[in-house]
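Numbering (the UniProt record's numbering), first residue to last: 1 to 70. Where a beta carbon is used, it is the ideal one built from N, C-alpha and C, also for glycine.
Right, here's the structure in full:
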């Protein structure tokens, strides 16, 4: 595996993961207000926590990409 992996491939993979992670976070945040309005406040709270953690994950992926891009 290590032989097949170079910086370009790794950077591409990280970009994909970042985009995917940001998409999930946006979707989570879009649903939070809908869940609150429908009376699912507790569920919305858990989704809010998931969105926060997804944003944290995205931050780590961006830091990893910065290391590769140096």
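Between residue 5 and residue 65, the gap from beta carbon to beta carbon reaches 8 Å or more. About 6 Å separates the Cβ atoms of residue 58 and residue 18, confirming a contact at the 8 Å cut-off. A check of alpha carbon separations from residue 43 across 22, 29 and 10 identifies 29 as the nearest. Take the alpha-carbon of residue 36 and the one of residue 45: they are about 9 Å apart. Taken through DSSP and simplified to helix, strand or coil, residue 30 comes out as helix. In terms of Cβ geometry, residue 11 and residue 69 form a close pair [threshold 8 Å].
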